[in-house]
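Participant: What follows is a structure written as C-alpha cells; I'll ask about it next.
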Amino acid sequence: VLIKPLVIATWRTPLAVNTAAALLEKGSSALDAVEQGCRIEEANEKNQTVGKGGLPDRDGNVTLDACIMDDKGNYGSVLGVKNIKHVISVARKVMEDTPHVMLVGDGAEQFAVSKGFKRENLLTESSKKAWEKWKVKSKYKPIINIENHDTIGMLAIDKKGNISGACTTSGLAYKMAGRVGDSPIIGGGLFVDNEIGGAAATGLGEEVLKTVGSFLIVELMRQGKSPQEACEEAIARIVSKPNSNYKNFQVGYIAVNKQGETGAYAIHEWFSYNVYQNKENKNIKSDFYNK
Ligand code: SD4
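So, in C-alpha cells, the structure goes:
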C-alpha cells in the first residue's frame, strides 16, 4: 500500500528531501516539492556538481543543466546556462510560460533575467582553485563518483498520488565548452509518466543518453517490472554493450512506481539515495553491478 507522500532523490541529500517532504505533508503538489527540494542543492555551494559552486568547464565557465516534468506529461528544460543559480526554476518557467520545452545558453539566460532571476557569479573560490589545479595537467577523464553528494535527480508523489520529477546539475567537471549531458534531456536524466512512475539518473551522462535510461526504466515498469528490476535492466543495457568500458565510469538510477515502490541500481559501489516514506527520511546505499 502506498503511504503518501513520498520523495526519492539521488545521493545524500537529506535537506533537499526534507524540504520537499515538508511541503508535501502540508499538501503541496509534487511539482512544487521537487522544485523547492532541488533549489536546496543549487544554493549549496559545497556541492560541486550542482548550481552555485559547481565545477566549471575547461574554460572556467560554470554552465548548468536542469529539467522538470509534471504529472500531466509537461516538460521544461534549460541547457548550458551561465550566471543563474536556480536553473530548476527557470526550467519550470520554460515549461509553464513558453510554447517551447528547451532553451539553451544565452537565450535561456536572457529568458531567466526577463522572469526576474538575478545574474550572479557561480564560480566559487574553491571551485576556481580546483579548476586551476586541473589545468596543470588538463587531463579529461570522467572519474567514478564516490562522493556523497552529486547531481540531484528527485521524484515525488504528493498526497493526491500525482508524480513529478526534477533534475539539476553543473554537468561533468572540466567538460568541453558546450557539452550537455543527460540531466536536462527528457527520457535521459529524467522521465515521469503519472500513470506508471518516474526515474532519474546520475553519473556519466553520455552513457545514460545512449540508452535513453530514464525513459527505458519507466517503459519497463509499464511492462510490469518493479522499479528495482527496471533500474537493474537499464544498467544491464549499458554494461552489456560490446566493448563497454563500464569499469571506468559510474551511472546510478533511481525509480518509483505509482504504487510507491522504489528502486535504485548503479554500476559501481557507493551510489546512495535518500527516500522519504512513512514520515522517515533515510539515506540508502544502492546495490550495484560491479562486485
Ligand atoms: C552529466 N549526469 O552531466 C550528469 C553529471 C552527474 O554525477 O550526474 N554527475 O552527465
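Numbering-wise (the UniProt record's numbering), the sequence shown opens with residue 42 and increments by one.
Where a beta carbon is used, it is the ideal one built from N, C-alpha and C, also for glycine.
According to DSSP, simplified to helix, strand and coil, what is E321?
Facilitator: strand
Participant: Sorted by chain position, which residues of the same chain lie with C-beta nearer than 6 Å to I44's C-beta, five sequence neighbours on each side aside?
Facilitator: N319
Participant: Identify, in the order they occur along the chain, each residue of the same chain with its Cβ nearer than 6 Å to the Cβ of G212, setting aside the five sequence neighbours on each side.
Facilitator: For G212, where only same-chain residues beyond five positions count, the Cβ hits under 6 Å are D106, G222.
Participant: Taking S155 as part of the beta strand (DSSP E), name the residues at either end of that continuous run.
Facilitator: Here S155 belongs to no beta strand (DSSP E); instead the alpha helix (DSSP H) covers 146–155.
Participant: In this structure, does DSSP put V316 in helix, strand or coil?
Facilitator: Three-state result, V316: strand.
Participant: What is the DSSP secondary structure of F329, reduced to helix, strand or coil?
Facilitator: strand
Participant: Using the three-state DSSP reduction, which class does T243 fall into: helix, strand or coil?
Facilitator: The answer is strand: DSSP assigns T243 an E or B state.
Participant: Of all the options A84, N235, K323, which has the alpha carbon lying nearest to the alpha carbon of N315?
Facilitator: Out of A84, N235, K323, the CA that lies nearest to the CA of N315 is found in K323.
Participant: What number of angstroms, rounded off, separates the C-alpha of Y181 from the C-alpha of A74?
Facilitator: If I take the Cα positions, the gap works out to 36 Å.
Participant: Alpha carbon to alpha carbon, how far is I129 from C108? Give it in angstroms, no decimals.
Facilitator: So the two alpha carbons sit approximately 6 Å from each other.
Participant: Check whether the Cβ of G219 sits closer than 6 Å to any heavy atom of the ligand SD4, and report yes or no.
Facilitator: No, Cβ of G219 sits at least 6 Å from all heavy atoms of the ligand SD4.
Participant: Quick one: complete alpha helix (DSSP H) runs, 4+ long, within the region 50–122?
Facilitator: Listed in chain order, the complete alpha helix (DSSP H) runs (minimum 4 residues) inside the region 50–122 are 55–66, 71–84.
Participant: Expressed to the nearest angstrom, what Euclidean distance is found between the alpha-carbon atoms of G228 and A240?
Facilitator: 9 Å
Participant: Determine, using beta-carbon pairs with one atom in the region 116–127 and one in the region 151–161, whether at least three such pairs fall under 8 Å.
Facilitator: yes
Participant: What residue range does the beta strand (DSSP E) around A213 cover?
Facilitator: One detail in the question is off: residue 213 reads as Leu in this sequence, not Ala. Segment: none, L213 is in no beta strand (DSSP E) and carries neither H nor E.
Participant: One question on the structure: do L231 and V292 come within less than 7 Å of each other, judged by their Cβ atoms?
Facilitator: no
Participant: Short check: CB of E273 to CB of L261, under 7 Å?
Facilitator: no
Participant: Given a threshold of 16 other Cβ atoms within 10 Å of its Cβ, counted over all protein chains shown, does K87 qualify as buried or as exposed?
Facilitator: exposed
Participant: Please name the residue, chosen from L164, A296, Q269, that lies closest to I198 on a Cα-to-Cα basis.
Facilitator: A296
Participant: Looking only at its own chain, which residues have a Cβ that is under 8 Å from the Cβ of P307, when we skip the five neighbours before and after it?
Facilitator: Per the sequence shown, the amino acid found at residue 307 is Ala instead of Pro. Same-chain partners within the cutoff: G244, I276, Q291, V292, G293, Y294, S327, D328, F329, Y330.
Participant: For K93, which residues from the same chain have a beta carbon less than 6 Å from its beta carbon, with the 5 sequence-adjacent residues on both sides left out?
Facilitator: E86, K126, L163
Participant: What are the boundary residues of the alpha helix (DSSP H) that includes L231?
Facilitator: Taken as a continuous stretch (DSSP letters only), L231 belongs to no alpha helix (DSSP H), being part of the beta strand (DSSP E) at 231–234.
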